[in-house]
Amino acid sequence: MVFIPSYSEMLFVLDEIMRKHQATLMTEFKISPHHSSALAHTMDTEIKSIAPIHRQNFEASIAPVTFADLQTQHFTVTGFREIAELLNRKALEATPDSDRISIFTASAQLNLENYYYFVFLKESLFRGLRQALMKSHSDFALLRISQFFLNSEVRSLRNAFSHATWTANTASSSNSFKYWDGDKVFEMTDERWTFLRNLAHTVSHVVVHNL
13 MVFIPSYSEM
23 LFVLDEIMRK
33 HQATLMTEFK
43 ISPHHSSALA
53 HTMDTEIKSI
63 APIHRQNFEA
73 SIAPVTFADL
83 QTQHFTVTGF
93 REIAELLNRK
103 ALEATPDSDR
113 ISIFTASAQL
123 NLENYYYFVF
133 LKESLFRGLR
143 QALMKSHSDF
153 ALLRISQFFL
163 NSEVRSLRNA
173 FSHATWTANT
183 ASSSNSFKYW
193 DGDKVFEMTD
203 ERWTFLRNLA
213 HTVSHVVVHN
223 L
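Shown next as structure tokens:
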């Protein structure tokens, strides 16, 4: 049986994950250590404080995708991640000198997560979230992060994952990869890729469970 943490438990897990990126959060988003040390809880508080009228406008802005759809996809990703990690462990225990099954499940997991975080969570979601936050608040961490998910770097990723124009290295613990956006070819470091995926994971978890 696969154990999936509750939302409140997962917030603490995500806080711990994002603490590794405090320097990046400060440099790129001007998010203070006070807030970045508990980023998931910070975003949870911010999104809960959106006024009802702005929340309704936000939900309308992302139609026809519903939050039920987002939750279903989110639970699929969460469950598959746990299953993939279990299969990886079992494969390595059975054949410690071979990581063939581990590579396969890691690749499938990466494909599913990429699609969910960067394609299914469309620009309209982050655009609507940004507008709702701007009307309710002046300077919140989630507002800056929502803006980031609309910029050119993430848009290039979204296009690459949407059209399957990317290659990943899953032969080891590395997830470095190249991706194409039209005629442009990009390479992303492991450090940058890890930050983007962890940030997308944190934002999606908070947004999906609050609206």
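To convert, take the position in the sequence shown, counting from 1, and add 12; that gives the numbering used here. Don't be surprised by glycine CBs; every beta carbon is placed ideally from N, CA and C.
Range of the contiguous alpha helix (DSSP H) that encloses residue i
i       : result
Val-25  : 19 to 31
Ile-157 : 153 to 160
Gly-140 : 135 to 148
Leu-169 : 164 to 174
Ala-63  : No alpha helix (DSSP H) holds Ala-63; DSSP gives it neither H nor E.
Ser-44  : Ser-44 -> no alpha helix (DSSP H), and no H or E assigned at all.
Sheet register partners of residue i (DSSP bridge)
i       : result
Met-200 : Phe-189
Thr-36  : Thr-36 pairs with nothing; no bridge assigned.
Thr-179 : Lys-190
Buried versus exposed, by CB contacts within 10 Å (16 or more), residue i
i       : result
Thr-214 : buried
Thr-39  : exposed
Val-14  : Reliability fails at Val-14, whose pLDDT of 48 lies under 50, so the model's placement of it is uncertain and the value that follows must be treated cautiously. The residue in question, Val-14, is exposed, as its Cβ has fewer than 16 Cβ neighbours within 10 Å.
Leu-54  : Correcting the residue type first, residue 54 is Thr in the shown sequence and not Leu. Buried: at least 16 other Cβ atoms inside 10 Å.
Ala-35  : exposed
Arg-204 : exposed
Glu-125 : buried
His-47  : buried
Glu-199 : exposed
Ala-63  : exposed
For residue i, the nearest candidate out of the options (CA to CA)
i       : options                               : result
Thr-177 : Leu-211, Asn-210, Tyr-127 and His-221 : Tyr-127
Ala-72  : Phe-152, Arg-139 and Ala-212          : Arg-139
Ala-50  : Ala-63, Ser-61 and Ser-20             : Ser-20
Phe-132 : Ile-157, Leu-155 and Arg-170          : Arg-170
His-33  : Leu-211, Leu-137, Ile-157 and Leu-162 : Leu-211
Tyr-129 : Ala-52, Ser-136 and Ser-216           : Ser-216
Ser-174 : Ser-61, Phe-161 and Tyr-191           : Tyr-191
Asn-222 : Arg-67, Arg-156, Glu-28 and Ala-153   : Arg-67
Val-219 : Phe-207, Phe-70, Ile-29 and Glu-165   : Phe-70
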